[in-house]
Structure formats: structure tokens, C-alpha cells
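Peer 1: Please find one structure pasted underneath; my questions will follow.
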Amino acid sequence: MRQITYAQAGLEAFTEEMRRDDTVFHLSTDGPKPLVDEFGTSRVRSTPIAEGALTGMAIGAAGCGFRPIIDWRMVTFCFVAMDQIVNQASKIHYMFGGQTKFPILYRASVGGGTRLAAQHSQSPYSMFMNLAGLKMILPSTPYDVKGLLKSAIRDDNPVISFESTRLQTFEGEVPDEEYTIPLGQADIKREGKDVTIVALAWLVHEALAAAETLAAEGIDVEVVDPRTLVPMDAETIRASVRKTGRLIVADEAGPTAGASAEIATLVTEDPATFACLKAAPKRVCALQVPIPYSPVLEDHVFPDRDKIAAGVRAVMAN
Amino acid sequence: MRQITYAQAGLEAFTEEMRRDDTVFHLSTDGPKPLVDEFGTSRVRSTPIAEGALTGMAIGAAGCGFRPIIDWRMVTFCFVAMDQIVNQASKIHYMFGGQTKFPILYRASVGGGTRLAAQHSQSPYSMFMNLAGLKMILPSTPYDVKGLLKSAIRDDNPVISFESTRLQTFEGEVPDEEYTIPLGQADIKREGKDVTIVALAWLVHEALAAAETLAAEGIDVEVVDPRTLVPMDAETIRASVRKTGRLIVADEAGPTAGASAEIATLVTEDPATFACLKAAPKRVCALQVPIPYSPVLEDHVFPDRDKIAAGVRAVMAN
Amino acid sequence: MEITPEKQREMLRLMQTIRRFEERASDDYVAGDIHGVVHCYIGEEAVAVGVCSALEREDRIISTHRGHGHCVAKGADLNRMMAELYGRETGYCKGKGGSMHIADFNIGMLGANGIVCGGLSIITGAGLAAQMEGKGGVAVCFFGDGASSAGPFHEAMNIAANWKLPVLYVVENNLWAMDTSAAEAVSVADIATRAAGYGIPGVIVDGNDVLEVHRVASEAVARARAGEGPTLIECKTYRHRRHTERPTQSDARPPEEIAAWMKKDPIDRLVAHLQGQQGQLNEAEWGAMNDEIMNEVERAVEFAKASAFPKPEAALDDVFAD
Amino acid sequence: MEITPEKQREMLRLMQTIRRFEERASDDYVAGDIHGVVHCYIGEEAVAVGVCSALEREDRIISTHRGHGHCVAKGADLNRMMAELYGRETGYCKGKGGSMHIADFNIGMLGANGIVCGGLSIITGAGLAAQMEGKGGVAVCFFGDGASSAGPFHEAMNIAANWKLPVLYVVENNLWAMDTSAAEAVSVADIATRAAGYGIPGVIVDGNDVLEVHRVASEAVARARAGEGPTLIECKTYRHRRHTERPTQSDARPPEEIAAWMKKDPIDRLVAHLQGQQGQLNEAEWGAMNDEIMNEVERAVEFAKASAFPKPEAALDDVFAD
Ligand SMILES: Cc1ncc(C[n+]2csc(CCOP(=O)(O)OP(=O)(O)O)c2C)c(N)n1
Ligand SMILES: Cc1ncc(C[n+]2csc(CCOP(=O)(O)OP(=O)(O)O)c2C)c(N)n1
Ligand SMILES: [Mg+2]
Ligand SMILES: [Mg+2]
């Protein structure tokens, strides 16, 4: 099968969906050239630097029957749009009693490792998870990003796509044929029986690398990729932990009230799964600090395959 | 000892600290009358409805040696200020290498039960917990709110005080003498040996009421009030659970990636505490929905003493 | 452009409907049948009615926390409005929204909004939708003097001006934002002044003169439909009542100021106009119109009271569309 | 007010220092010694230097993602700047900030800022602090044409105007925000036009003429110190380079436009001015000044390279002040 990058796969999803449905349009600062070239500046608009306005405009246009895509670019820039996200987009369908649909795709890059320091290195998806009313995807492969983005664009709700900066150039197999991946289905990226690593985004690949190392040590690791954060496929994760009895959650975000805390709690609060736990669950996350610039500092902050492997060994020792 | 309301206790904290320190000043839409009367409109300013500007202005003034208090009023209104909170206030001390202090108090009311519907009924503290660089208090009594607010105003960092709407008129003992409560110390509001309820804000009182009911059923409940969300006093909570072996977390916010998930995970990920757990921990939280207006709907959404008691019974049955 | 006497009487009927509806809502709020908060539009009716009577059903509007007037002016059903205030399942939002969140997308009413300045970006998106639809539709944003100092105002005006979006930005300058005066909060005397900074027309109008409001709005609508872009319309008006109907609600406004504005009541003014110069409304007709409106409001209350509360479990519905 | 030849030469020295510092930073970035991203100010030096030379050390400024120029103009130490770019513990931020976050509160430099329009509210707070301190201090905000379309601009201008805060809002209109032109993004030809909407002076100045910038800034500073409130100053200028120094960085600007602006280079212009009419700088002096600056930059690089990287565990420090 052909190999394309994660970034290319995302672009394909947008292109195909814009061809398929005239009501899809795209707003962002500096509209992406391939989309402008194909669809023109009326459907692919370069905007002033006013992400709050764009985010709200999407709501208005969606309520009028369109399917806007708003690319915030870095997740950092969506914080100027937080009122529109928290107070409007996440609640509007509900507080109006479901009378109208608001199909919107918001898109943001997340993560660090780029030496861009605190403001430009963030993975704040859990902030949005606590809200009710937003769906969220966090794909880890070119295949997943394309299939999930297509479902997200077709979904009748506001969906945020968080896409890892570190994965933009990552290559993987993507079929020529059309396909979609339903929101809310976790994917078991590797089967194993001794310990479950629930890994998010870039850390899926670090977890798979750690699994190789650990296999050589006789530890058989299962790697589960939730792919969608809301709705979360708790059952796939719990079933894995019921099988292995051990849980590691690996996330590029800090641990505190993170997606990692939610995943750990979904596992431990389920009595049947709790009963199968052989050891305390463990989060392998970024240190709970803003992200520093200097390479020596930044590398110290983020989890990676070695820290995951160390976490697994610790959990196996319990 | 004299009894005063939660709201009055907060006002006393502000008044005393403004008397004590000339660099403390106050910005909000519609400046509070008692403070305006005592300190004048230069130190207690009524502002245009531009919470983003106020939030950022606090950073600038703090960096110049002042100790601003910004009252966002409802937490809802701080989402227009989220860029200043997330990208500036939480990171600025760190990303500038600690060269200057930014002592700021941000204040917000949280919670529901007021029939104000989705936009005006929110408890989103966990959104801020995932950030690093902000301290946060969530007091449950007049005594705590006064003592914690005084510490927060004196703290050299940005601190957010989340104050429960339902508690504004709640009365409790507050001494005439000056006192402060250090940030980061949980308080055991009731001792017990069978089950630990970690309850937040208004739910502390619901948990205490549930504890009375359960005592009659022979269940001895310990109620722990973290009081401060960041830094969280994990050790007091863990020690309680090591004693009781059972954990309920009661929160007016929705569960997903909430403070409740963090507290549950702090307990379960600690091997020594995990080893003492006799049952799966349980969250008793709001339903994961925006808050509806109609009383029948709203009452269905929030946790209360009955739901807490039911949660305890379920955990005891495991 | 002449406004026919029929149309003027229709405007009067809508203005009086807003007033009677809200008087009743306030009473029932204080009595405990309506919950949360109620913000009355009374005194400002000429703005909503003057503007909306310049629109077609297909045109879209967005409102504020003070939203009943805009709903009624755009043609909303009083029964479903009142049922929403009463928290019943027959309400516009099935009881999920209440006073601050009434919407009716079928009549182009994109919702009241509890966030000050929260509607500006949303309606600008509706303006973009209208432009992309290419059917000559128009979008109208109502907002307060208080909202005009918030950032989203600036972003929306700049974008709408850039793209010549068919939007009317109607600022209801009632001189106060809660207890803060526009004189304190807004750095210029006239908010319409700010239009020049976006290269678009800024018009000031007596917001208590429904015919003037209608005229100004009609011109802006014509500009918008012709593809000439947005207009900022500042309506000078006043609320007769405190910020909310809460019995504890403070009010910092000078009594003389209130008294002076009560004399400029927009309904009295239109009645006088119709009765006087034109002789188009006699006392009996006006009385009959008022009775009819009172009946309509009463029927709305009865409808609300006869309607069921939603089932508690309905709280779990409508989080997501499926 | 005359600007003495000494002062003009000092301005020249600062402008040339900015340029040489950034040329070197760019080289070392491409070579891989500096990480993340570097935005060069080259071409716009007259703005930072013209404005900052109208300030006292106690006055405060805030900057943008394109911040080196403002740092140097306000008197920052090249060694600590370069060490920060190199990610060393001797850097201004101990290696935590990098190019986008250099600050030096001791000289009133409140920081570069990676968020477009992120500085406006912060500096307005510094303006409030200056007003409350009552020592006649002034606060200056540098920001781009792109930033001027964002909401915080509006909120800050309105508040500063209301409270007559001693603030200069200096918009560096370099005609582009990344690949989007001001012509597309800003709905008026001159951003300074917007000042009228706040009731404050709006001044347009040739941002490549350091003496004119200095004159305009001095007037605004005098107004601010006298308690007369803020001024919006629009400096028309241009960046010589692409948005960032990333080898892959796109550039949508027409080559002719770039070429035309290269001819208006602010440094060439001041050199010609000093050499020509006034005869205040001969070729040898200029050469010597340049050599000195090159040495200073070289020493900064040596300082940076000789400095240690922070210890990895230092990542855990400075989350909170204690
Ligand atoms: C962002 C935000 N801040 C504060 C509030 C609280 N609030 C509700 S209405 C109001 C005053 C609004 O004044 P204005 O815009 O003039 O409208 P009016 O009430 O006069 O119709 C305020 C401050 C809010 N709803 N949203
Ligand atoms: C809120 C926000 N949105 C987007 C960006 C990405 N970004 C960085 S610089 C820039 C262009 C800024 O243009 P301008 O303000 O004119 O400054 P210039 O680069 O021309 O100096 C953009 C869009 C950002 N940093 N912050
Ligand atoms: Mg008002
Ligand atoms: Mg620019």
C-alpha cells in the first residue's frame, strides 16, 4: 500500500470532503495553498488573526446549514477563542433544546519537542474533555487521521481534531480507496498479555518501541490507542486491563487532571476491572511544568520510550 | 464565636489585605460597593466588560510590583480571558526564568443550582489544573474562604479562587482575630474509618449530611476537603484512604477529566494506597452534560447528599 | 419610503406585546413560577421592532441576555416562549434554556445569549453564510453599549467590513451596563464613531422612535443586500427597569435620568403619532389592541402552565446531535 | 526639539547592533546552534530605536514574537540575549524562554510574547501601574498590523483612553502578517484611523525614518507623562526577511515590493543623513562603529558558547515563585 505522511493524510481528508460536500468551507489565518488552489478563496479563506471571531463564525454558519472547518493551527491560538468554544460551541445544541445541528470541525496541532517553549508547546486536550458537548479526536497514524477527520467533518456536532506536531512528517500506509473510521472506537495497536499501555498520539509509537524492548525482557505489552477522546471507548480499554491486570497511561500532556487521569479512573472505578488489577496504575506523562525552550530541559520534561519502559518495569515489579 | 456568611468572609479578607498592603488593588465590572467606599475608585475600579483586558492588566501591574485582584465574577466570564490565563499568567514566571514575581488573585464564582442554565452554571476548575503555574483554592466554609483568600493575596504567584455560588449565604464561625490558612493543606472535616469521601466546595456539606445518615446505618464516613486544588494535598487524602480502604470523590463538576479524576488517580497510582483499597473508587459528580435550566432537569444533573449516600452504600457493598 | 399606517399599527402591536409579555414574565418570576433570571427589554421595544420590521422571515438575527424583545419582534410564538420561561417541555428549548437562551432557528432567531458580546462572531458567521448562499439574505446583531467595549466587537466589525458581509450591527445604547454607565466605560460619546475605524457607515438614531429606527435599518438592509457590506447602527435608548427583575437587583442610575427617559417612552410616542397627526388609531382601537395582547399573554401563561415539565432523564438528551 | 549628533550616532549604533545581532542569530539558527524559531526584525530597526530613545530606563515596554530589536533598543545585554538563544543557563530566562520570550524587567523590558496581540493587555496594566506609582512613568506596546485586528487591541485602547493611562501603542505596520497582507486583513488603509474611535490621537509616521519616529514618540511620551493619556502611533515599515528564518518558510510578498522597500533601508538612510547634510559621520567612523558592533556580537556568541546548558532537573524550577 502507498505510504504518505500524517500531514498529507489530513489534507486528503479535507480535499475529499470538500469535493464531496459543497457546504464544507475552511477558515484560517493563511489558508492552506493546496486547498486555495483547488477550491478558491471564497471557500478557503485567509483571515485576520482573530481566532475568536473565526470560532464563533463557524457556529453561526453551521447553524445556517454549512459545515465549517476552522483551523486554529497551534492549539495555543485557540485560547483567544475559548469563550466561543466553552460558552457557545459546546453548549449551544443542548441549551437550545436540540433544535438545530452545529456541524463544525475545529483543528489544532498539539505537543512539543520543537524547542518552541511554553506558549507554543501545549497538549491541553483534557481542558476540553471536562466540558460536555464537544467531540474530540487525537489520531496517531496517517491512516487514523484521514479516516477520523472524514468522520469528524461528517459528524453533526462540533468536533476538535488534535493533531500531534511530532507526527506531521510521520509516514504510514493509507489506501487509495475511500474509508472512514467511526468516532469513539479505540484501536489495539499491539496485542499483549502482561500489561496494557494506553498511549496517546505520538506516544503510541514510543509505546510500540518500548514494547519491542520489553518483549526482549519477556514482558508482553498490549498497546491501546483510544484515537477518540470524546466519546472515549472505555470498554476496549477496560477489557484490555481485565486481560493484563496492569495499566500504564502514556501522554505528552502533564498528568494533573489530564486525559491520563480520566483513563486511569475509567479503569479503576469499574468494579469488574478493578478486581482484575494486579498493581497500581501508572501515568507516564510530561512533568507538570510549562514546556521549556532549551533542548536539555525540554527533553527532560517529556515522556519517551525509555520512560515508558521504566514505568512498565515498575508496574511489573509490584 | 461570631457567625458570618461565606460572602462576608471573603469581603473581610479583601478589606483586611487592602488595609495591610497598599499595592493591593481591585478590578472588576461594577466594583463592589463596600470596597469602593473604603478604598476609593482609584484602588477599586469598575471596568468596561473586558475581562480579557483585566486579566492581562493584572499581569502587567503585578510585574511592576503591584498585587492586583481581578474579580471575574462568574467563572463563565473568564473564558474571554483564557489566552491571558493559559498563555500568559500560568507560564510567564517560568518562561522568563523566574526573574520576576506575578502575585495576582483571580476570583470566580462556580457551580449551579441557580436555574441559570448552561452558560451561567459551570465548575470548570479542572481545566486550569492541567496547566502548570497556577495555584487554585476552592474553599467550602466562611472560615476557610477568609483564611485561604488572605494567603492567596499574599502569595507571590497567580492564584485562582473558585467560590461556590451555593455557599455565598452559608454561615459559619469566623474569629475576630487575624488568621491565615496555608495553601496546599487539606482539612479533614469529619473523621471516620469505613470510607473516605473527598468532597469539593458545596459538596463538603452534602457529604457531611450524608455521613449523618450513613452513621445511623452503621457506616463511619471520613470527609476530606482538599480546600486547595493546586497544590493538592495528596498525602492527607492518601492517608485517609489507607485507613478506610474506600474512596468516593464528590464534585459539582462533571467527572470527565475532572478534579475528581485527578483525586481518584492520585489515590490509585500510589502503590501503598492502592494496596489498601478494598473496593473500586467511585466518582459522585454532576452528569456529564451542560447544565439545563428547568428545575426538574437541573436537580437531576447535580450530585447531592442522597446520591453521595447511595455511592457510599455501593462502595461498601463491594 | 412611506411606512403605511397598517405597518405602523403592526409595529405598535409588537411593541406592546413585548411589554405585556415581559410585565407578566416579571410578575411570574417574582412569584416563583419562572426561575433563574429575567432581564426586561421594556423601554427599548422600538429598537427590536424597528429593525426586525425591516427584515424578511429568512433574514437572521442574534440577541443578548435581554432577548425577549428580539424574539417577539422576529415573530416568535408567545406560547413556546412562555413555556420556556416556565421550564416546560413545550418550550422553545424543551426547558433547557430559560430566559437567556430562547432561539427559534425556523424564524431566523439565532438565540439569546448570556455572554456579553457573545453574539457578534456568531452572527458574523451567519452573515458569511448569507453571502455564500447568495440569496440576498441579511444578518442582524443586537448588542449593548457594554458589549461594544469587548474584543469580539472589533474582530467582527473588521472581518465583516473586509468581506463586505451583509450584517447590521445594532448597538442598543441604553446608557448603562448593569451599574456602570457608558460614560465611564466607553471612551467616546457615540459608539457609532467607531464605524469609521472600519471604513463602514456608522449611524446614530433615536432608539425610542420606531419609525426612525425602521428607516435607518431599511437603508442598512438595502446596502447589505446590494453587497455593499455592514453598517453599525447606534440606537440611543433606555431600559425602564433595573438590570434584572431580581428583587435584590441594585440600580445605580440617577432617578432624574430614569424619570426623564420614562417621558420618552417609545410606545406612548408611536401611539401619540398614530392618534395625532394621522388620526390612524382611536382610543377604542388602541384599547382593543391592548386587550387582545393581554389575552394572548394570558393564553401563553395558560399554555405554559398546562404543559408538562420535562422528564428528569431528558437532561441527558441533546448533548450531541445524532 | 533638536536631536544631537551624538544621540543620532547612538541611534545608529543601536540599529546596527540589532541588525548584526540578528544576522548572526539567523546564521547560527540555520547552523543548528539556536533552536525553535527566530523572527528577524531587520528592516524595522528605526521603530524600536526611535521609540526607545524617547524613553527613560524606568519606562516599560512590551514586545512581540519579533522581539530582539526592542530588547536591544531598550538596553538589553547582548551576551545574555545570545545565551538565551543558545539555550544556556546564563541566558535571560535561564534557557527556558528562547527567542520568543526574552525579558529583562530590570531595564523595563516586559518581554517578547509569542501570542499575537498578547502584549496589549499586559502593557496596559503596566500603564496603570505607572499611573498609580505617580512618578510620570510611561509604558509602550509594540505590536504588528496583524495584531491590530485582534480583540485585545480594542479592549486595551478603550480602557487606556477611559483612564488616560500613560501608554504608547506602537503598531509596526510592516504590511504583512505571515503571508496575509494588511490590505486583505485590515479593513482601513491606515490603522491609526482607529484612534478616533477611542477619542485619542492617532499618528502615522514613516517607520523607516528613525528621527521622525523619535519625534513622534517624544510627543506622545510628553502627553502621557502630562496625564493626557495614550497615543496610537502607526509606523509604516517593512521586514527585509521572511516571516521566520526557517529554511522552509514561505513568503507571499511580491519581489518588487520587497525590492522597493530594501531601497528605503532605515540604517542606510540615517547613515546618509549623518554623512550628508550634517557631515557628522565619515566612512572611517562608520566602519569603526560597525567593527565594534561585530566584535560585540562575536563576544556575545563566545559568551553563549562558553556558558553551560542548564541542568535537566532545572526544568522543575520556577514553576512557582516562593
Ligand atoms: C463576558 C461577560 N461578562 C460579564 C457578564 C455579566 N453581565 C451580564 S449583562 C451585563 C451588562 C451588559 O450591558 P450591555 O451590554 O450594555 O447590555 P444591557 O444589559 O444594557 O442590555 C453584564 C456585565 C456577562 N454576561 N458576560
Ligand atoms: C493568537 C495567535 N494567532 C496566530 C499566531 C501565529 N502567528 C505568529 S506571528 C503571526 C503574524 C503576526 O503578524 P503581525 O502582527 O503583523 O507581526 P509581524 O510578524 O508582521 O511582525 C502569526 C499569525 C500567534 N502567534 N498568535
Ligand atoms: Mg446597556
Ligand atoms: Mg506585520
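Chains as they are written, first to last, in our numbering: chain A, 2 to 319; chain B, 2 to 319; chain C, 911 to 1232; chain D, 911 to 1232.
All C-beta atoms, glycine included, are put in the ideal place defined by N, C-alpha and C.
In the region 1026–1050 of chain C, which residues sit with their C-beta less than 8 Å from some C-beta in chain A, listed in chain order?
Peer 2: The residues in question are Gly1028, Leu1030, Ser1031, Ile1032, Ile1033, Thr1034, Gly1035, Ala1036, Gly1037, Leu1038, Ala1039, Ala1040, Met1042, Glu1043 and Ala1049.
Peer 1: Taking the runs of the alpha helix (DSSP H) that are 4 residues or longer, which of them lie wholly in the region 976–1056 of chain C?
Peer 2: Runs of the alpha helix (DSSP H) inside the region 976–1056 of chain C: 978–984, 988–995 and 1029–1043.
Peer 1: Would you tell me roughly how many angstroms separate the C-alpha atoms of A/Leu209 and A/Leu201, rounded to the nearest one?
Peer 2: As a position in the first sequence, residue 209 of chain A is number 208, starting the count at 1. As a position in the first sequence, residue 201 of chain A is number 200, starting the count at 1. One C-alpha to the other measures close to 12 Å.
Peer 1: Taking 8 Å as the CB-CB cut-off, is D/Ser936 touching chain A?
Peer 2: Translated into the one-based positions of the fourth sequence, residue 936 of chain D becomes position 26. Not closer than 8 Å to any Cβ of chain A, the Cβ of D/Ser936 fails to qualify, so no.
Peer 1: Just jot down, in chain order, the residues whose CB lies closer than 6 Å to any heavy atom of ligand 4.
Peer 2: Working through the chain, the matches are D/Gly1054, D/Asp1055, D/Gly1056, D/Asn1084, D/Trp1086 and D/Ala1087.
Peer 1: Output yes if chain C places a C-beta closer than 8 Å to the C-beta of D/Gly1061; else output no.
Peer 2: Stepping through the fourth sequence from its first residue, residue 1061 of chain D is reached at position 151. Yes, its Cβ sits closer than 8 Å to a Cβ of chain C.
Peer 1: Quick check for students: name the residue ranges of the beta strand (DSSP E) that lie wholly in the region 23–67 of chain B, counting only runs of 3 or more.
Peer 2: Taking only runs of at least 3 residues, the beta strand (DSSP E) segments lying wholly in the region 23–67 of chain B are 25–29 and 45–47.
Peer 1: Taking 8 Å as the threshold, find out whether the region 1089–1097 of chain D comes into contact with the region 1060–1073 of chain D through three or more Cβ pairs.
Peer 2: Short answer: they don't touch.
Peer 1: Give a single yes or no on whether C/His978 has its beta carbon closer than 7 Å to a heavy atom of ligand 1.
Peer 2: Stepping through the third sequence from its first residue, residue 978 of chain C is reached at position 68. Outside the cutoff, so no.
Peer 1: Just to check my reading of the structure: B/Glu253 and B/Phe171 have Cβ atoms closer than 8 Å, yes? What is that Cβ distance to the nearest angstrom?
Peer 2: Mapped onto the second sequence, residue 253 of chain B falls at position 252. Mapped onto the second sequence, residue 171 of chain B falls at position 170. The pair is not a contact, with the Cβ atoms about 14 Å apart (cut-off 8 Å).
Peer 1: Following the continuous alpha helix (DSSP H) through A/Thr237, name the residue where it begins and the one where it ends.
Peer 2: Taking the first residue of the first sequence as position 1, residue 237 of chain A is located at position 236. Counting along the chain, the alpha helix (DSSP H) containing A/Thr237 begins and ends at Ala235 to Thr245.
Peer 1: What residues in its chain sit with their C-beta under 6 Å from that of C/Arg1151, if we drop five residues either side in the sequence?
Peer 2: Taking the first residue of the third sequence as 1, we reach residue 1151 of chain C at position 241. Hits under 6 Å: Cys950 and Ile952.
Peer 1: Is the Cβ of A/Thr181 closer than 8 Å to any Cβ of chain D?
Peer 2: For the purposes of this step, residue 181 of chain A is taken as the residue at position 180 of the first sequence. Answer no: the Cβ-Cβ gap between A/Thr181 and chain D never drops below 8 Å.
Peer 1: When the Cα atoms are used, what is the spatial distance from C/Val1229 to A/Met128?
Peer 2: If you number the third sequence from 1, residue 1229 of chain C lands on position 319. If you number the first sequence from 1, residue 128 of chain A lands on position 127. If you take the alpha carbons of C/Val1229 and A/Met128, they lie about 18 Å apart.
Peer 1: Alpha carbons only, please: which of C/Ser973, C/Gly946 and C/Lys917 is nearest the one belonging to C/Ile1033?
Peer 2: Within the third sequence, numbered from 1, the residue matching residue 1033 of chain C stands at position 123. Nearest option by C-alpha distance: C/Ser973.
Peer 1: Should D/Met1088 be flagged as near chain A, meaning a C-beta pair shorter than 8 Å?
Peer 2: Here residue 1088 of chain D refers to the residue found at position 178 of the fourth sequence. Yes, because at least one Cβ of chain A sits closer than 8 Å to the Cβ of D/Met1088.
Peer 1: Give the secondary structure of B/Gly173 by DSSP, where H, G and I count as helix, E and B as strand, and everything else as coil.
Peer 2: For this step, residue 173 of chain B is matched to residue 172 along the second sequence. Strand.
Peer 1: Can you give me the start and stop residues for the alpha helix (DSSP H) that B/Tyr327 sits inside?
Peer 2: This structure cannot settle anything about residue 327 of chain B, because the visible part of chain B is limited to 2 through 319.
Peer 1: Residues in the same chain with beta-carbon distance under 7 Å from C/Gly1007, minus the five sequence neighbours each way, listed in chain order, please.
Peer 2: Translated into the one-based positions of the third sequence, residue 1007 of chain C becomes position 97. Counting only Cβ-Cβ distances below 7 Å, and skipping sequence neighbours, we find Glu994.
Peer 1: Using DSSP's beta-bridge definition, name the partner residues of C/Thr1103.
Peer 2: For this step, residue 1103 of chain C is matched to residue 193 along the third sequence. Looking at the DSSP assignment, C/Thr1103 forms no beta bridge with any residue, so it has no partner.
Peer 1: Taking CB distances under 8 Å as the criterion, tell me whether B/Met137 reaches chain A.
Peer 2: The residue you call residue 137 of chain B lines up with position 136 of the second sequence. Chain A, which has no Cβ nearer than 8 Å to the Cβ of B/Met137, makes this no.
Peer 1: If you reduce the DSSP assignment to three classes, tell me which class B/Ile86 lands in.
Peer 2: Numbered from 1 along the second sequence, position 85 holds the residue referred to as residue 86 of chain B. DSSP places B/Ile86 in helix when its eight states are reduced to three.
Peer 1: Please state the DSSP three-state secondary structure of B/Leu204.
Peer 2: The residue given as residue 204 of chain B occupies position 203 in the second sequence. DSSP places B/Leu204 in helix when its eight states are reduced to three.
Peer 1: Does DSSP put B/Pro125 in a helix, in a strand, or in coil?
Peer 2: Along the second sequence, one-based indexing puts residue 125 of chain B at 124. Looking at B/Pro125 - three-state DSSP - the assignment turns out to be coil, as it is neither helix nor strand.
Peer 1: Since B/Thr229 is in the beta strand (DSSP E), which residue starts that stretch and which ends it?
Peer 2: Position 228 of the second sequence, counted from the start, is the residue given in the question as residue 229 of chain B. Looking at the DSSP string, the run of the beta strand (DSSP E) that includes B/Thr229 is Thr229 to Val231.
Peer 1: Look at D/Ser936 and D/Val947 and say whether their C-beta atoms are less than 8 Å apart.
Peer 2: Sequence index remark: in the fourth sequence, residue 936 of chain D carries index 26 (1-based). Sequence index remark: in the fourth sequence, residue 947 of chain D carries index 37 (1-based). It is not a contact, given that the beta carbons lie outside the stated cut-off.
Peer 1: For D/Gly1056 versus D/Glu968, is the C-beta distance shorter than 8 Å?
Peer 2: For the purposes of this step, residue 1056 of chain D is taken as residue 146 along the fourth sequence, with counting starting at 1. For the purposes of this step, residue 968 of chain D is taken as residue 58 along the fourth sequence, with counting starting at 1. Their beta carbons are not under 8 Å apart, which means D/Gly1056 does not touch D/Glu968 by this criterion.
Peer 1: Within 10 Å of its beta-carbon, does D/Asn1083 have 16 or more other beta-carbons around it, so buried, or fewer, so exposed?
Peer 2: The residue you call residue 1083 of chain D lines up with position 173 of the fourth sequence. So D/Asn1083 ends up on the buried side.
Peer 1: State yes or no: is the C-beta of D/Val948 nearer than 7 Å to some heavy atom of ligand 2?
Peer 2: Here residue 948 of chain D refers to the residue found at position 38 of the fourth sequence. For ligand 2, not one heavy atom lies less than 7 Å from the Cβ of D/Val948.
Peer 1: Flag B/Asn131 as yes if its beta-carbon sits less than 8 Å from any beta-carbon of chain A, otherwise no.
Peer 2: Residue 131 of chain B sits at position 130 when you count from the first residue of the second sequence. Interface residue, yes.
Peer 1: Is it true that the region 15–32 of chain B meets the region 155–175 of chain A, where meeting means three or more beta-carbon pairs spaced less than 8 Å apart?
Peer 2: With a cut-off of 8 Å, the region 155–175 of chain A and the region 15–32 of chain B do not count as touching, because too few Cβ pairs lie within range.
Peer 1: Using a Cβ cut-off of 8 Å (strictly closer), state whether A/Ala251 contacts chain C.
Peer 2: Mapped onto the first sequence, residue 251 of chain A falls at position 250. It does not; no Cβ of chain C falls within 8 Å.
Peer 1: Taking DSSP's pairing of strands, which residues face C/Lys1146 in a bridge?
Peer 2: Taking the third sequence and counting its residues from 1, one reaches residue 1146 of chain C at position 236. For C/Lys1146, which the question treats as bridged, DSSP gives the partners C/Asn1083 and C/Asp1116.
Peer 1: Taking only beta-carbon atoms, is D/Leu1157 less than 8 Å away from chain A?
Peer 2: Here residue 1157 of chain D is taken as the residue at index 247 of the fourth sequence, counted from 1. It should be noted that the sequence gives Pro, not Leu, for residue 1157 of chain D. Answer no: the Cβ-Cβ gap between D/Pro1157 and chain A never drops below 8 Å.
Peer 1: Can you grab the Cα-Cα spacing for the pair D/Gly1117 / D/Tyr939, in whole Å?
Peer 2: For the purposes of this step, residue 1117 of chain D is identified with residue 207 of the fourth sequence, where counting begins at 1. For the purposes of this step, residue 939 of chain D is identified with residue 29 of the fourth sequence, where counting begins at 1. If you take the alpha carbons of D/Gly1117 and D/Tyr939, they lie about 27 Å apart.
Peer 1: Can you give me the C-alpha to C-alpha distance between D/Leu965 and D/Lys917, rounded to a whole angstrom?
Peer 2: The count along the fourth sequence starts at 1 and reaches residue 965 of chain D at position 55. The count along the fourth sequence starts at 1 and reaches residue 917 of chain D at position 7. Going from the Cα of D/Leu965 to the Cα of D/Lys917 covers about 13 Å.
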